[in-house]
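>
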Amino acid sequence: MIFLKLIVTNLRRHRIRSFISVAGIAFSVAAMLTVVTILQGAIGMFSGILSSDSEIIVFERNVSDLFFSNVPAAAVAEIAAWPMVSHADPVLFGIVSSADHPIITCFGVTAADARIRKAAWIAGDRLMFAQHSDDVVLGERAAEFLGAKLDDHVPIGHGVFHVIGILKTANGFEDGGVFMPLSSAQSFFHKEGASSVITIKLRNKDDAASFKSKVKAAFPNLIGLEDAEFTRSYSQFRILKATAWAVGGCGLLLGGLGVANTMIMSVFTRIREIAILRVCGFSNTQIAAMIFGESAVVSLLGALLGMLTGTCLLFALKLVPALHGYVDVAIQPVVMLIVILLALLTGIAGALYPAFYAMRIRAVEALRFE
Amino acid sequence: MNSSIAQTGPQKRLVLHAEDVWKSYDDGAIAVLKGVDFEAVEGQTVALCGPSGCGKSTLLHLFGGLDAPDSGRVSVNGIEVNRHRNLLRLLRYEVGFVFQLHNLIPDLTLAENCLIPTVAAGIDHRTAQARLLELAERTGLTDRLGHRIQKLSGGERQRTALCRALMNKPKILLADEPTGSLDEHTSGAVFELLLDIVATEGVTLVMATHDRALAARCDRLLEMHDGRIHERVSA
């Protein structure tokens, strides 16, 4: 109890300095949590698009981005005919821009695609999809920012399209996207006869391994991956995740420097006190534990405050209309745990030198100067 | 070589022994102790008198293992003080320190300050509390246990420092000008208490002081100057 009090005493003694350190860690944690959660959410949404009513994705092997993947129509037809396949939906991804929106995701899909079949149509008729080459269906948010209603003609990219439906979807990419008939998209993006991916639903999930082997044997330039495998291995996702953690890590590094500064000041201002503890029989380990304990308290308080701030920030971002569907407030427990551990590690790292310094304080020298 | 030989009775055990101790600072430029010999037996009170800078505090620091001699030997209870191997045991169980300035931690209460040595030694809370109450009663601090140090008078602070030094029942109490910062009246009262407690606890007291009147009340009074113990004066 007294040991704990020794730990918190110094923090209470220099409240403002302690608060600044806690705030430093808190902002770092909040930044890391926000960035990681938003990117995880974005990755989750993108994965969600791919795994809509399917469990395997087939795409061109060794492409860095699915937008560059080319899956020939012949492959689609052959794979769809395999007995183990329930249905195979080719999807072509494209990016276009309009006057005020530099990035609009386009999905070239067939009328049988789950995204069209299972979506909530808030305007238009699903059966009208793919009847004409210039027909498009807009996500609700895309309709909003394009200012488009049913039957309007909207300029998208270098073309003008007829809006035949508006979909409501929880997925931010789909909600802000444009759905075109596959053939129109192939023509629009100059990818005749190709799609970016095929999303596969198997009759029996246990056939996944044999399906992937069959793809490899029949189409050496294509690869089939289960959804979870794809999310883990897709290079773009890995880059995004690494970037998110790197940004957060830099934030924590700055927070750690703040902790280090506080702890160094903490040790320097109580050299005599540490000397007295030594005279009372405190060992090097006990002195170091006191310093590390102090930094751990700062880090934990910072982590908790950062969690709270980050969560509030995510909720606030979710309320911004432009970000609708892109921000996922569900913070993964594993992310939370990692962030807390990183904050603690940062605190410990920040206390390394101060603890080392405190351990080297010689009582006789500290006490000689009254 | 100068020597200071304790007056040892036949049954008294030797608890503190220094032999030809030399100590200097600044790479030998300032020689503080120049071949000091010293002995004290259990329960004995020894006063070290002498001008400032004569080496009284340095000698106390060497006795407590806070510093190491350049040459010579210091033994406590027959075990040579070695800064690296025995220091923790020495500081936790063998010696207690009282300084001129009380050196208490201001944000802690009187009780918490006193309990610090028991935390260091890992003594269980119940035993520590019992010892605290015992010492507080003897020093008249029972009513002040929950008070912060800032709220205590100078005499109370020094009594608190005395309690803290005796918490783990050390065999030797090393007091460096323990009444030096107190007024005459308070100084006398604290010294009375100090003598009373060391007598009842059977502790050996080695005290550095400028106050010859107080020093004269110890069993032995040793005069130090120029880094040597020159005289042996029986009180």
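Chain order of the listed sequences is A and B. Convert by adding 1 to the 1-based position in the first sequence; the result is the number in my numbering. Convert by adding 1186 to the 1-based position in the second sequence; the result is the number in my numbering. Glycine included, every Cβ here is placed at the ideal spot set by N, Cα and C. Here the structure is a predicted model, which is why all the values come from computation and not from measurement.
Name the chain A residues whose beta carbon is nearer than 8 Å to that of E1225 of chain B?
By Cβ distance, chain A contributes nothing, its closest Cβ being about 23 Å from E1225 of chain B, past 8 Å.
> Using CA coordinates, which residue listed in B:A1254, B:L1276, B:Q1336 is at the minimum distance from N1289 of chain B?
B:Q1336
> In whole angstroms, what is the alpha-carbon distance linking H375 of chain A and T263 of chain A?
As shown, chain A starts at 2 and ends at 371. That puts residue 375 of chain A outside it, with no answer to give.
> Report the three-state DSSP secondary structure of F357 of chain A (helix, strand or coil).
The answer is helix: DSSP assigns F357 of chain A an H, G or I state.
> So, do the segment 1243-1251 of chain B and the segment 1207-1225 of chain B have three or more beta carbon pairs nearer to each other than 8 Å?
yes
> So with CB distances below 7 Å, who are the chain B contacts of R14 of chain A?
D1293
> Leaving aside the five residues before and after L5 of chain A along the sequence, list all residues of the same chain whose C-beta is less than 6 Å from its C-beta, in chain order.
none
> How is the beta strand (DSSP E) around C313 of chain A delimited, first residue to last?
Secondary structure note for C313 of chain A: it is in no beta strand (DSSP E), and the uninterrupted alpha helix (DSSP H) holding it is 285-320.
> Would a check of beta-carbon distances place N1188 of chain B closer than 8 Å to chain A?
Unreliable positioning characterises N1188 of chain B in this predicted model, as indicated by a pLDDT of 40, which lies under 50. A coordinate reading is not provided.
> Please report the residue range of the beta strand (DSSP E) in which E1205 of chain B lies.
1200-1211
> Among residues of its own chain, excluding the 5 on either side of G307 of chain A, which ones have a beta-carbon nearer than 6 Å to its beta-carbon?
A27, V30, A31, listed in sequence order.
> Could you give the DSSP three-state label for H154 of chain A: helix, strand or coil?
strand
> Beta carbon of I332 of chain A, beta carbon of T312 of chain A: below 8 Å?
yes
> In terms of residues, what are the limits of the alpha helix (DSSP H) holding C1349 of chain B?
That run of the alpha helix (DSSP H) goes 1340-1352.
> What distance in whole Å lies between the Cβ atoms of S184 of chain A and V92 of chain A, which are believed to be in contact at a cut-off of 8 Å?
That pair is no contact at about 13 Å.
> Give a yes or no on whether 8 Å exceeds the smallest Cβ distance from F1285 of chain B to chain A.
yes
> Spatial neighbours of T1194 of chain B within its chain, please: CB distance less than 6 Å, with the 5 preceding and 5 following residues excluded, ordered by chain position.
The predicted position of T1194 of chain B is uncertain, since its pLDDT is 46 and thus under 50; no value can be drawn from it.
> Based on the DSSP output, what are the partners of C124 of chain A in its beta bridges?
With the sequence shown as reference, residue 124 of chain A is identified as Ala, and Cys is not the correct amino acid for it. Partner(s): A:I167.
> Kindly provide the ranges of any beta strand (DSSP E) runs that are 3 or more residues long and lie completely inside the segment 25-52 of chain A, ordered along the chain.
none
> Tell me whether the segment 1231-1242 of chain B and the segment 1392-1411 of chain B touch, counting them as touching only if at least three CB pairs, one residue from each stretch, are closer than 8 Å.
Touching, yes, given that three or more Cβ pairs across the two stretches are closer than 8 Å.
> Can you confirm whether L346 of chain A, when its beta carbon is compared against all beta carbons of chain B, has any partner nearer than 8 Å?
no
> Suppose you measure from the CA of T106 of chain A to the CA of I96 of chain A; what does that come to, to the nearest Å?
So the alpha carbons of these two residues sit roughly 5 Å apart.
> So the beta strand (DSSP E) L226 of chain A belongs to, where does it begin and stop?
Annotation for L226 of chain A: the continuous beta strand (DSSP E) segment containing it runs 223-227.
> Do A352 of chain A and R273 of chain A count as a contact pair if the criterion is CB distance below 8 Å?
no
> Which chain A residues sit within Cβ distance under 7 Å of V1305 of chain B?
Against V1305 of chain B, the close residues of chain A are I3, F4, in the order they occur along the chain (beta-carbon pairs closer than 7 Å).
> DSSP state of T1262 of chain B, grouped into three classes?
Strictly speaking, residue 1262 of chain B in this sequence is Val, with Thr absent from that position. Here DSSP, grouped into helix, strand and coil, assigns V1262 of chain B to strand.
> Is L320 of chain A buried or exposed, if buried means 16 or more other CB atoms sit within 10 Å of its CB?
exposed
> Could you spell out where the beta strand (DSSP E) holding F1507 of chain B opens and where it closes?
The question about residue 1507 of chain B has no answer here: the residues shown for chain B are numbered 1187 through 1421.
> Does F130 of chain A come out as helix, strand or coil in the three-state DSSP assignment?
coil
> Leaving out five residues on either side along the sequence, give the residues of the same chain with a beta carbon under 6 Å from the beta carbon of S1189 of chain B.
Because S1189 of chain B sits at a pLDDT of 41, beneath the cut-off of 50, its placement in the model cannot be relied upon, and the following sentence gives the value as read from the coordinates. The answer, listed in chain order, is D1223.
> Beta strand (DSSP E) containing G1238 of chain B: first to last residue?
A small fix is needed here, since residue 1238 of chain B is Ser in this sequence, not Gly. Note, S1238 of chain B: premise wrong, no beta strand (DSSP E); not H, not E.
> Name the chain B residues that come within less than 9 Å of E175 of chain A, Cβ to Cβ?
In chain order: nothing, as chain B lies at least about 59 Å away.
> So, helix, strand or coil for Q1193 of chain B, using DSSP?
At Q1193 of chain B, the pLDDT of 48 sits below 50, so the modelled position is not reliable; the number obtained from the coordinates is stated separately. Correct three-state label for Q1193 of chain B: coil.
> Quick one: is Q237 of chain A buried, meaning 16 or more other Cβ sit within 10 Å of its Cβ, or exposed?
Exposed, since its Cβ has fewer than 16 Cβ neighbours within 10 Å.
> Apart from the five residues just before and just after D1206 of chain B, which ones in its own chain have a Cβ nearer than 8 Å to its Cβ?
Shown here for D1206 of chain B: same chain residues with a beta carbon closer than 8 Å to its own, the five before and five after excluded, namely M1187, G1221, V1222, D1223, S1257, G1258, R1259 in chain order.
> Please report the straight-line C-alpha distance between A1192 of chain B and V1201 of chain B, rounded to a whole angstrom.
Any answer about A1192 of chain B is weak, because its pLDDT of 45 lies below 50 and its placement is not dependable; what the coordinates show is given next. Using only the alpha carbons, I get a separation of about 11 Å.
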